[in-house]
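For the record, the sequence lines run as chains U and B. First residue of the first sequence: 1421, per the working numbering; consecutive thereafter. First residue of the second sequence: 24, per the working numbering; consecutive thereafter. C-beta atoms are modelled at their ideal positions from N, C-alpha and C, and glycine is treated no differently. Being a predicted model, the structure only gives us computed values, none of them experimental.
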Amino acid sequence: MNLLTTPQVLAEIRDLPALPAAVMELMLSLGDGDASAEQIAEKISRDQALAAKALRLANSPFYGMPRKVSSLAEATSVLGLRMLRSVATAAGLTGAFTSPTGSGLDFRAFWRHSIGTALCAQELASALDLDADTAFTLGLVHDIGRLLLASRFPLRYAEVLKLQAKQPGMLTHEAEQAVLGLDHAAVGGLIAGHWRFAPAFAQAIVMHHALHDDNADPALDLVHVADNMAHALDLSQLDADLVPPLSLAAWSRLRLDEAVCAPVMQRAEMQHRAVCEALGM
Amino acid sequence: MPLLATVDRPPCAASPPVLQDEAREPRIQARLEHLFRHSLQAGRVNPLLHIVLRLRLKEGA
């Protein structure tokens, strides 16, 4: 089977349907500290599916509300503006893709991991006084290249998963490189460029499995560690899932230790359960 | 079988949920063993796995 080329992948990316306007606006507004609760609620209310999922989360047992939350204004006060925006973004992005057929990729497990990475990144960023909103979006889309490869090249992606099954211990990006000649991180970087995300954002996606020891951008370290946390916590609930190698250089640069990471992981895990339930993942 | 079963009471940040599902424990152990084995075979140290192990032990206590 021939290896994939960048122009082949780019042609498929250009052919992707545009993300719904509300989702793009939400993704781009993450990190905009000036966006008011009313502005965010207005964006979400334009898409009924997003609004319904945000309300579902606000009504989940996790938040323990004694009565039903029935408006986005109330949901904002229950969830907080950050979580409202985050869950609506996740709902919009997951709803914009259909489950790829024929590749063998577990669509729900894929999103459970992506949402888990987003929540770990958000919590970790908060603990480290970094931009938690951007961290959430980065975590959410860090593996988006897998979804494109599995949906646009299903037979070849089935070969990737077959190789991985034959060689226990082989990581996903290693199997992708062996079968396809490129991996989901590189493809994710191309998609981020297509969506007009900042170059640094695309770079964090490209490098999440291959951090340089002299990296100076904390966002790259953060998404790498958050991905690792989500794998270690087994948030995809996929038996074949492995924990990729953790860059100890990134670990040291972020000055992480158990006192920082344990509460971050506990909070992210509890939020993950509620968010996945609200999104039907 | 999901790793983390739904809890009967609403969890809060101060008290991690007590997980009820009896089938959960063996799966967690098997998964952690599998992940540690892979980590050791690859000759890699991963402090996050040790943190997860301690969190699971605390939940089970």
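Could you spell out where the alpha helix (DSSP H) holding residue i opens and where it closes?
i, result
"U:V1429", "1426-1434"
"U:K1473", "1468-1478"
"U:Y1483", "Per DSSP, U:Y1483 belongs to no alpha helix (DSSP H) and is neither H nor E."
"B:P70", "70-83"
"U:M1503", "1501-1516"
"U:V1580", "1574-1586"
"U:D1549", "Looking at the DSSP string, U:D1549 is not in any alpha helix (DSSP H), and its letter there is neither H nor E."
"U:V1599", "1592-1600"
"U:A1457", "1457-1465"
Who are the Cβ neighbours of residue i in its own chain at under 6 Å, not counting the five residues just before and after it?
i, result
"U:A1646", "T1537, C1540, A1541, L1544, G1559"
"U:V1663", "H1651, A1652"
"U:H1628", "H1562, A1605, V1643, H1644, D1647"
"U:L1666", "N1648"
"U:A1555", "A1541, Q1542, A1545, L1642"
"U:A1457", "T1496, L1501"
"U:S1534", "L1560, D1563"
"U:D1467", "A1442"
"B:L78", "none"
Classify residue i as helix, strand or coil using the three-state DSSP reduction.
i, result
"U:D1641", "helix"
"U:W1531", "helix"
"U:L1568", "helix"
"U:M1447", "helix"
"U:R1675", "coil"
"U:L1439", "coil"
"U:V1663", "coil"
"U:G1700", "coil"
"U:F1617", "coil"
"U:Q1657", "coil"
"B:S62", "helix"
"B:P25", "Summary for B:P25: the model assigns pLDDT 32, below 50, so the residue's position carries little reliability; its value from the coordinates is reported in the next sentence. Coil, per DSSP."
"U:D1526", "coil"
"U:P1683", "helix"
"B:P49", "helix"
"U:M1627", "coil"
"B:H57", "helix"
"U:V1695", "helix"
"U:T1521", "coil"
"U:S1490", "coil"
"U:D1647", "helix"
"U:M1668", "In the sequence under discussion, the amino acid at residue 1668 of chain U is Leu, which differs from the Met named in the question. Of the three classes helix, strand and coil, the one that applies to U:L1668 here is helix, per DSSP."
"U:G1536", "helix"
Below 7 Å CB to CB, which residues in the same chain sit around residue i once its five sequence neighbours on both sides are set aside?
i, result
"U:A1471", "I1464, S1465, L1492"
"U:F1621", "L1558, A1612"
"U:A1694", "L1477, S1480, F1482"
"U:L1658", "D1526, A1529"
"U:L1591", "L1662, P1664"
"U:L1430", "L1610"
"U:A1552", "R1502, Q1542, A1545, S1546"
"U:A1461", "L1492, A1493, T1496"
Could you round the C-beta distance between residue i and residue j to whole angstroms and report it? I think they count as a contact, below 8 Å.
i, j, result
"U:L1583", "U:A1598", "6 Å"
"U:G1565", "U:G1608", "4 Å"
"U:M1701", "U:R1532", "5 Å"
"U:L1581", "U:L1424", "Rounded, the Cβ-Cβ distance is 16 Å, inconsistent with contact."
"U:A1547", "U:V1684", "5 Å"
"U:P1574", "U:S1523", "4 Å"
"U:L1550", "U:P1638", "6 Å"
"U:A1474", "U:A1508", "5 Å"
At a CB-CB cut-off below 9 Å, which residues of chain U make contact with residue i?
i, result
"B:L80", "The premise fails here: B:L80 is roughly 12 Å from chain U at the closest Cβ pair, so nothing lies under 9 Å."
"B:D70", "The amino acid occupying residue 70 of chain B in the given sequence is Pro; Asp does not appear at that position. What B:P70 touches in chain U: L1666, L1668, W1671, L1676, D1677, E1678, C1681."
Can you name the residues of chain B whose CB is closer than 9 Å to the CB of residue i?
i, result
"U:N1648", "N69, L71"
"U:E1685", "The identity of residue 1685 of chain U in the sequence shown is Met, whereas the question assumes Glu. Correct list: L71, I74, V75, L78."
I want to verify the contact list: residues of chain B whose CB lies under 8 Å from the CB of residue i, in sequence order.
i, result
"U:V1663", "L58, H61, S62, N69, L71, L72"
"U:A1652", "L58, N69, L71, L72, I74, V75"
Less than 8 Å between C-beta atoms, sequence neighbours within five positions excluded: which residues of the same chain meet that for residue i?
i, result
"U:T1518", "S1571"
"U:L1631", "L1640, D1641, H1644, S1667, A1669, A1670"
"B:L55", "L72, V75, L76, R79"
"B:C35", "Bear in mind that a pLDDT of 36 at B:C35, under 50, signals an unreliable position, so the number given afterwards is only what the model happens to contain. Taken in chain order, the list of residues that qualify is empty."
If you measure from the CB of residue i, is any heavy atom of the ligand ATP nearer than 7 Å?
i, result
"U:Y1577", "No copy of the ligand ATP occurs in the structure displayed, which carries no ligand at all."
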